[in-house]
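One structure below.
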């Protein structure tokens, strides 16, 4: 059982997320280590996937790099609103195939001609967006939510889970669908489900550094790691953790970084509170009067500590990065203040904005 201080645990987490001073050089290296970038349409500053990449790579990352990796180089792929390295494809397909329900299986069976119509059309005319695919279903998809009667998109979602179609790219925010063989490599090995789960837990722990064996289910991607790694306890926290043994005993050369609210360092709010004493809630869905930190506040990392939030928005009409507030969870030193302002200047430059304006 490893005995860790909070400082040691934080440093393991920061290094694992590539947020220490020696920056990685390539986008693929970042996604390989993090295992994923989350796609979210909110772009108060920049889309989250781009913001996560920039916080690691700095000015070496340009917005065109992600599209090139997804649509030209095919070193990354999109699946279930997440961008992943192509060499993880087999693990994802193995897991996706277990996500079946009786309703889904029966609906696909009842609409097998609809399924074949889509595959035939894509083979002839793909890639294409869902709105260009005719709805020939025999039994409409019924739900109590927003997917009710959205037959084409539902069938495409099920077919990507089955590995029959893939996302070839995007036109704006719309996904382009195509046959899997035109997007995925031909030699993909799909392991058995249990093996895939074990490997994914190991990959996830390596990307987080330290995590819980079991946690409440999270949307899109779990934050638990099962039996991966080795057991550890962290002073000031209760219960057992799992730690990546390869991450133990390493020094940290820290730096300052502005993070996306969806960044994996802070995505698990319970873990962030436990290890970093960092409270955070994404407030974009709250009324303005009830927001404490802002619409899309960016967590601030300094060394191995999460020290505040920056409420900023990219006002592209006047080419300004507008900083509404900098919330200090701890009293900023002169060095911290200078570093945060330096990151804001770098962010504005990266976004092609002319200036930073602070309220």
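Residue numbers (the numbering used here): 3 to 361. Glycine is no exception: its CB is placed at the ideal position from the N, C-alpha and C atoms. Given the structure is predicted, the values throughout are model-derived calculations rather than measurements.
- Ranked by how close their Cα comes to the Cα of residue 189, the residues 177, 134, 88 have 88 in first place.
- Rounded to whole angstroms, the gap between the alpha carbons of residue 83 and residue 194 is 24 angstroms.
- Looking at the backbone, the Cα of residue 96 and that of residue 121 are separated by about 21 angstroms.
- Per DSSP, residue 64 is not a residue of any beta strand (DSSP E), being assigned neither H nor E.
- Between residue 67 and residue 245, the C-beta gap is not smaller than 7 angstroms, which leaves the two residues out of contact.
- Annotated as distal: residue 214 and residue 232, with beta-carbon spacing of 7 angstroms or more.
- Look at the beta carbons and you see the segment 270 to 283 touching the segment 8 to 26: at least three pairs across the two are nearer than 8 angstroms.
- The C-alpha of residue 345 is placed about 11 angstroms away from the C-alpha of residue 312.
- In the DSSP assignment, residue 153 falls within the unbroken alpha helix (DSSP H) covering 153 to 163.
- When DSSP reads this structure, residue 285 sits in no beta bridge, so it has no partner.
- Taking C-alpha positions only, residue 323 is separated from residue 138 by approximately 47 angstroms.
- When DSSP reads this structure, residue 244 sits in a beta bridge with 213, 233.
- Straight-line measurement puts the Cα of residue 294 at about 30 angstroms from the Cα of residue 211.
- Check the Cα spacing between residue 69 and each of 335, 119, 174: the tightest is with 174.
- For residue 143, the three-state secondary structure derived from DSSP is coil.
- Here the alpha carbon of residue 204 sits roughly 23 angstroms from the alpha carbon of residue 165.
- Taking a C-beta distance under 7 angstroms as the contact criterion, residue 74 and residue 169 do not qualify as a contact pair.
- Here the segment 253 to 271 makes contact with the segment 39 to 58; the two share three or more CB pairs at distances below 8 angstroms.
- Each residue's CA atom was taken as its position, placing residue 182 and residue 63 some 28 angstroms apart.
- Take the alpha-carbon of residue 216 and the one of residue 119: they are about 42 angstroms apart.
- Residue 192 has its alpha-carbon roughly 6 angstroms from the corresponding atom of residue 93.
- Residue 306 and residue 256 do touch by the CB rule: their CB atoms are close to 6 angstroms apart, below 8 angstroms.
- Here residue 132 is buried: its Cβ has 16 or more other Cβ atoms, across all protein chains shown, within 10 Å.
- Shortest Cα-Cα distance from residue 111 to any of 127, 142, 91, 134 involves 142.
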